[in-house]
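>
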Amino acid sequence: MINVIEQVTSRIAERSQETRSRYVARMKAQAANGKTRTHLTCGNLAHTVAACSSTQKNTILDFTKVNVGIITAYNDMLSAHEPYGVYPQFIKDVLSKVGHSAQVAGGVPAMCDGVTQGQEGMDVSLFSRDVIAQATAVSLSHNTFDATLLLGICDKIAPGQLMGALSFGHLPTAFVPSGPMPTGISNDEKVKVRQKYAAGEVGKDALQKMECDAYHSAGTCTFYGTANTNQLVFEAMGLMLPGSAFLPPSVELRAALTEQIALHITSQADSGTQYRPLWQVMDEKSIVNGLVALLASGGSTNHSMHLVAVAAAAGYILTWDDIDTLSQAVPLLAKMYPNGPADINDFQNAGGVPTLMKGLAERGLLNMDATPVFGCMEDYLKTPHLDGGAVVYQPAADSKNPEVIALPGTFFNAQGGLKVVDGNLGRGVIKISAVAPEHHFIEATRCGKSLSRG
Numbered sequence: 346m347i348n349v350i351e352q353v354t355s356r357i358a359e360r361s362q363e364t365r366s367r368y369v370a371r372m373k374a375q376a377a378n379g380k381t382r383t384h385l386t387c388g389n390l391a392h393t394v395a396a397c398s399s400t401q402k403n404t405i406l407d408f409t410k411v412n413v414g415i416i417t418a419y420n421d422m423l424s425a426h427e428p429y430g431v432y433p434q435f436i437k438d439v440l441s442k443v444g445h446s447a448q449v450a451g452g453v454p455a456m457c458d459g460v461t462q463g464q465e466g467m468d469v470s471l472f473s474r475d476v477i478a479q480a481t482a483v484s485l486s487h488n489t490f491d492a493t494l495l496l497g498i499c500d501k502i503a504p505g506q507l508m509g510a511l512s513f514g515h516l517p518t519a520f521v522p523s524g525p526m527p528t529g530i531s532n533d534e535k536v537k538v539r540q541k542y543a544a545g546e547v548g549k550d551a552l553q554k555m556e557c558d559a560y561h562s563a564g565t566c567t568f569y570g571t572a573n574t575n576q577l578v579f580e581a582m583g584l585m586l587p588g589s590a591f592l593p594p595s596v597e598l599r600a601a602l603t604e605q606i607a608l609h610i611t612s613q614a615d616s617g618t619q620y621r622p623l624w625q626v627m628d629e630k631s632i633v634n635g636l637v638a639l640l641a642s643g644g645s646t647n648h649s650m651h652l653v654a655v656a657a658a659a660g661y662i663l664t665w666d667d668i669d670t671l672s673q674a675v676p677l678l679a680k681m682y683p684n685g686p687a688d689i690n691d692f693q694n695a696g697g698v699p700t701l702m703k704g705l706a707e708r709g710l711l712n713m714d715a716t717p718v719f720g721c722m723e724d725y726l727k728t729p730h731l732d733g734g735a736v737v738y739q740p741a742a743d744s745k746n747p748e749v750i751a752l753p754g755t756f757f758n759a760q761g762g763l764k765v766v767d768g769n770l771g772r773g774v775i776k777i778s779a780v781a782p783e784h785h786f787i788e789a790t791r792c793g794k795s796l797s798r799g
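So the number in the working numbering is just where the residue sits in the sequence shown, counting from 1, plus 345.
1) Is it true that the CB of Leu496 sits closer than 7 Å to the CB of Thr304?
2) Specify the secondary structure class of Asn694 as computed by DSSP and reduced to three states.
3) Using C-beta distances below 8 Å, list every residue in its chain close to Leu678, excluding the 5 sequence neighbours before and after it, in chain order.
4) Taking C-alpha atoms, which residue in Leu390, Pro504, Asp743 and Gly514 lies nearest to Met650?
5) Are Val411 and Asp491 close, meaning C-beta to C-beta below 7 Å?
6) Could you check the C-alpha separation between Pro622 and Asn684 for me, to the nearest Å?
7) Just curious, the alpha helix (DSSP H) that Thr404 is in, first and last residue?
8) Expressed to the nearest angstrom, what Euclidean distance is found between the alpha-carbon atoms of Ile357 and Trp665?
9) Hey, how far is the Cα of Gln448 from the Cα of Thr489?
10) Applying the 10 Å Cβ sphere with the 16-neighbour rule, what's the burial state of Met681?
11) Which one of Pro428, Val476, Ser361 and Leu516 has the shortest CA to CA distance from Gln375?
12) Ordered along the chain, which non-local residues of its own chain (more than five positions away) have a Cβ less than 8 Å from that of Phe568?
13) Could you have a look at Asn758 and say whether DSSP puts it in helix, strand or coil?
14) Could you tell me the alpha carbon to alpha carbon distance between Leu406 and Glu427, rounded to whole angstroms?
15) Can you give me the Cβ contacts of Lys549 inside the same chain, cut-off strictly under 8 Å, excluding the 5 residues immediately before and after it?
16) Do Leu511 and Ala370 count as a contact pair if the criterion is CB distance below 7 Å?
17) According to the Cβ coordinates, are Gly583 and Val653 closer than 7 Å?
18) Which residue from Ser366, Trp624, Arg599 and Asn647 puts its Cα closest to that of Leu471?
19) From which residue to which residue does the alpha helix (DSSP H) around Asp767 run?
20) Does DSSP put Tyr419 in a helix, in a strand, or in coil?
21) Report back the beta-carbon spacing between Met526 and Ser562 to the nearest angstrom; my notes put them in contact at under 8 Å.
22) Is the separation between the beta-carbon of Tyr738 and that of Ser361 shorter than 7 Å?
23) Should Leu763 be labelled buried (16 or more other beta-carbon atoms within 10 Å of its own) or exposed?
24) Can you tell me whether DSSP reads His392 as helix, strand or coil?
25) At what residues does the alpha helix (DSSP H) containing Arg371 begin and finish?
26) Can you pull the DSSP bridge partners for Ile357?
27) Can you tell me which of Met555, Gly754, Asp615 and Leu485 puts its alpha carbon nearest to the alpha carbon of Gly451?
28) My output table needs one value for Pro676: the three-state DSSP class, helix, strand or coil.
29) Around the C-beta of Val353, are 16 or more other C-beta atoms found within 10 angstroms, so that it is buried, or is it exposed?
30) On a CA-only basis, which of Pro594, Asp558, Ala741 and Glu556 is nearest Thr565? Give me that one, please.
31) Buried or exposed: which applies to Gln499, given that a residue is buried once 16 or more other Cβ atoms fall within 10 Å of its Cβ?
32) According to DSSP, is Ser470 part of a helix, a strand, or is it coil?
33) Checking the sheet assignment: what are the DSSP bridge partners for Val737?
34) Can you check which of these residues, Arg772, Gly761, Arg708 and Thr404, is closest to Val780 by C-alpha distance?
35) What residue range is occupied by the uninterrupted alpha helix (DSSP H) comprising Lys776?
36) Quick check: the Cα distance between Asn389 and Thr409, rounded to an integer number of angstroms?
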């Protein structure tokens with residue numbers, strides 16, 4: 346591991362000693378109470394199981410069994426979240442077969458910036474993250490659960506769910522992704538039609554057709570915005586199964602991985618021998634791994650806000666200076682729109698997150714001793730496959746498309762995708778991965794003099 350990764354990881358831990366210690370003490374105190382259902386009164390438990398089948402009722406009332414709380418951001422307007430409509434019953438069926446249970450603990454609002462962009466609804470977009478965090482925590486406050494599965498993907502939704510789940514970080518917790526929609530039209534074609542519309546060469550009907558051809562089915566939008574950045578970063582942090590972020594919604598392996606994470610999380614509950622609570626997964630090492638993946642992939646600038654807030658929810662003080670220091674050492678290893686013409690499906694076909702993680706590990710840019718929700722960090726350098734219906738993991742290969750994921754020893758830029766800029770007017774974060782190198786300077790006027798800074 347190169348020094349800068351170790352240095353940033355250490356300084357985050359050092360400056361956060363007091364806040365992290367308080368958080369960990371609270372989590373340990375929650376865990377020390379044991380299985381929370383045992384502290385509920387008969388009346389509490391009756392309310393808990395009132396709507397359950399007799400079989401599920403017996404399972405929940407049997408304190409040797411695991412009851413998983415599902416926090417869902419399902420609605421059928423968001424393409425990324427529409428697949429989640431069937432997930433809760435699927436998870437319940439999977440767990441019922443092995444004698445465990447799952448309940449939908451609660452739902453959280455899920456708004457789409459693609460719909461509210463340029464509209465008044467955009468004013469509440471960032472605020473929705475904190476509402477989602479509260480809704481997640483409220484949902485888990487019933488204290489009837491032994492583990493948590495988070496069904497959420499998009500911009501403010503997944504970070505908000507993670508922040509809320511950290512309030513109950515004594516519970517093993519994992520994200521369950523649903524995957525991107527198929528590629529509709531190329532990003533080049535999108536740009537051309539938008540340019541023609543702006544120039545008055547085509548009408549609104551042509552523009553609407555192009556947009557509908559681009560955003561055309563269930564799954565996340567295919568460009569590398571905040572939603573897909575959430576997925577890539579959270580996989581790199583070990584908050585979901587390896588290689589699970591960008592499998593299409595309808596493939597057989599997607600269902601197999603959903604089944605696997607549901608079963609896996611029950612093995613980590615307090616009644617199991619593999620207890621691995623969220624607070625142990627979310628430490629300074631996983632945070633830095635997430636930042637490295639963000640920078641190496643040229644991800645969304647929104648994570649300069651989200652990861653700072655998520656870290657704070659886990660008791661850590663993360664700053665933009667940490668991000669900027671890492672950006673000097675982490676090269677840009679992926680190119681996806683708006684950083685290049687490729688989309689998220691091209692990235693997945695090139696090897697996806699496991700191949701990117703392999704490249705980062707080979708460069709010494711990851712905390713390989715971090716504790717993920719599944720296995721160890723070496724497992725996150727592997728790609729899942731189906732073999733006779735069973736999920737098997739094989740070492741990730743080098744990039745299958747060097748124009749999308751860089752090959753060993755190469756990079757697209759020596760610096761990471763985000764850059765902190767500051768001056769006498771304030772500070773900001775710029776996504777330099779989407780800016781041509783010849784434009785990597787800032788020019789302004791002060792006191793009648795022209796100033797520029799590279």
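Glycine residues also receive a C-beta, built at the ideal position from the N, C-alpha and C atoms.
This one's a predicted model, so the numbers in the text were calculated from it and none came from an experiment.
On the basis of the coordinates in this document:
1) Here the chain has residues from 346 to 799 only, and residue 304 is not among them.
2) Helix.
3) Cβ neighbours of Leu678 beyond the five flanking positions: Ala641, Ser642, Leu701, Gly704, Leu705, Ile750, Ala751, Phe756 and Phe757.
4) When each option's Cα is compared against that of Met650, the closest is Pro504.
5) Yes, they are a contact pair.
6) Those two C-alpha atoms are separated by around 36 Å.
7) It spans Ser399 to Leu406 - the alpha helix (DSSP H) in which Thr404 sits, taken as one unbroken run.
8) So the alpha carbons of these two residues sit roughly 12 Å apart.
9) Going from the Cα of Gln448 to the Cα of Thr489 covers about 9 Å.
10) Met681 is buried by the Cβ-count criterion.
11) Answer by Cα proximity: Leu516.
12) Within the same chain, Phe568 has close Cβ partners Asn532, Met681, Tyr682, Pro683, Asp688 and Ile689.
13) It is a strand residue.
14) Taking the straight line joining both Cα atoms gives about 32 Å.
15) The beta carbon of Lys549 sits closer than 8 Å to the beta carbons of Tyr542 from its chain, once the five residues preceding and following it are set aside; these are given in chain order.
16) Leu511 sits away from Ala370, with the two beta carbons spaced by 7 Å or more.
17) No, the Cβ-Cβ distance between Gly583 and Val653 is not below 7 Å.
18) Answer by Cα proximity: Asn647.
19) No alpha helix (DSSP H) holds Asp767; the beta strand (DSSP E) holding it covers Leu763 to Gly768.
20) Correct three-state label for Tyr419: coil.
21) Cβ-Cβ separation between Met526 and Ser562: approximately 5 Å, consistent with a contact (criterion under 8 Å).
22) Inclusion of Tyr738 and Ser361 in the CB contact set at 7 Å is not warranted, their separation being larger than that value.
23) Using a 10 angstroms sphere on the CB of Leu763, the tally of other CB atoms reaches 16 or more, which defines it as buried.
24) Here His392 sits in helix by DSSP.
25) The continuous alpha helix (DSSP H) containing Arg371 extends over residues Gln362 to Ala377.
26) In the DSSP assignment, no residue is bridged to Ile357.
27) Nearest C-alpha to Gly451: Leu485.
28) In the structure shown, the three-state DSSP call for Pro676 is coil.
29) Counting Cβ neighbours within 10 Å, Val353 comes out buried, since at least 16 surround it.
30) Nearest of Pro594, Asp558, Ala741 and Glu556 to Thr565, Cα basis: Pro594.
31) One detail in the question is off: residue 499 reads as Cys in this sequence, not Gln. Buried is the call here.
32) If DSSP states are grouped into helix, strand and coil, Ser470 belongs with the helices.
33) Residue pairing by DSSP puts Val737 in a beta bridge opposite His730.
34) Minimum Cα distance to Val780 is reached at Gly761.
35) From DSSP, Lys776 is part of no alpha helix (DSSP H) but of the beta strand (DSSP E) over Gly771 to Lys776.
36) Rounded to whole angstroms, Asn389 and Thr409 show a C-alpha spacing of 18 Å.
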